[in-house]
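Student: In the working numbering, the protein residues as written are 4 to 181. All residues carry an ideal CB built from backbone N, CA and C; glycine is no exception. Since the model is a prediction, treat every value here as computed from it, not as a measurement. A single structure is presented below for examination.
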Amino acid sequence: KIGDSEPAPKFSIVVSPNDWSKTVKATTSQTRDISQTKLLQKEFWTEVCDYMSDNTSLSIRSPRPQHWQDFSIGKPWAHVSLTVNTQKNLLGCETYIWNPDNDNERFHKLVNHKNEIEDEIGFTFDWQELEGKKSSRIITTREANIKNRDDWDEYIKWCSDMVVKFHTVFSKHLKNMD
4 KIGDSEPAPK
14 FSIVVSPNDW
24 SKTVKATTSQ
34 TRDISQTKLL
44 QKEFWTEVCD
54 YMSDNTSLSI
64 RSPRPQHWQD
74 FSIGKPWAHV
84 SLTVNTQKNL
94 LGCETYIWNP
104 DNDNERFHKL
114 VNHKNEIEDE
124 IGFTFDWQEL
134 EGKKSSRIIT
144 TREANIKNRD
154 DWDEYIKWCS
164 DMVVKFHTVF
174 SKHLKNMD
């Protein structure tokens, strides 16, 4: 009631607009410009992330239409990454280390524990220093054709197992590095 006016109803907001329509519009406009390969990659990463959400305790980032899917490893300069190469039909799992000063010091500290790391995970890696680059990687790959959806269950399980192994072992070895 205002002054001597008649009483008016008081409304309480129960539901208000959200960003749903903006999200749908953005997704729709993005998918129009995305290749079939990128759409397949996003669908594959979505399946991987759904599986990992149900079967691991790792933090999962939203999948995107790209050839990689990253997972935090506890350091801002390192992460575990899954990759898919649709031209060579390969899946990969790697620990990616960013070296802003091009010194690869962190990589060399890990190389000093190479045998221990490989024993803990149970296989050998391709240790790529990437000289002259601001990054290095420790990677393993396997054959995989994600265009063949009949094999996705096998690929998804492999991806999940690799990320968990890499996360467990490398986060321990990176823990005390700056």
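Buried or exposed for residue 55, going by 16 or more other Cβ atoms inside 10 Å?
Tutor: buried
Student: Going by the beta-carbon positions, is the gap between residue 85 and residue 114 smaller than 8 angstroms?
Tutor: no
Student: Let me know the alpha helix (DSSP H) ranges lying completely inside the segment 73 to 121, each 4 residues or longer, listed in chain order.
Tutor: 108 to 114
Student: Over the uninterrupted alpha helix (DSSP H) stretch that includes residue 40, give me the two end residues.
Tutor: 39 to 58
Student: Can you name the start and end residues of the beta strand (DSSP E) that residue 129 belongs to?
Tutor: 129 to 131
Student: If you draw a straight line from the C-alpha of residue 58 to the C-alpha of residue 13, how long is it?
Tutor: 48 angstroms
Student: Let me make sure I understand the geometry here. Which of 126, 142, 127 has the alpha-carbon closest to that of residue 133?
Tutor: 142
Student: Which of the three DSSP states is assigned to residue 146 in this structure?
Tutor: strand
Student: Does residue 39 pass the burial test, meaning 16 or more other C-beta atoms within 10 Å, or should it be called exposed?
Tutor: exposed
Student: Quick check on DSSP: helix, strand or coil for residue 174?
Tutor: helix
Student: Do the segment 88 to 99 and the segment 59 to 69 make contact, defined as three or more Cβ pairs closer than 8 angstroms?
Tutor: Proximity of the segment 88 to 99 to the segment 59 to 69 falls short of the contact definition, fewer than three beta-carbon pairs being nearer than 8 angstroms.
Student: Count the other CB atoms, across all protein chains shown, that sit within 10 Å of the CB of residue 140; report buried if there are 16 or more and exposed otherwise.
Tutor: buried
Student: Indicate the three-state DSSP secondary structure (helix, strand or coil) for residue 67 in the structure shown.
Tutor: coil
Student: Our contact map puts residue 41 next to residue 68 with C-beta atoms below 8 angstroms; I'd like the distance itself, whole angstroms only.
Tutor: 4 angstroms
Student: Can you find the residues in the same chain that come closer than 6 angstroms, C-beta to C-beta, to residue 165, ignoring five residues on each side of it along the sequence?
Tutor: 96
Student: Could you name the residues of the same chain whose beta carbon sits closer than 6 angstroms to that of residue 145, not counting the 5 residues immediately before and after it, in chain order?
Tutor: 94
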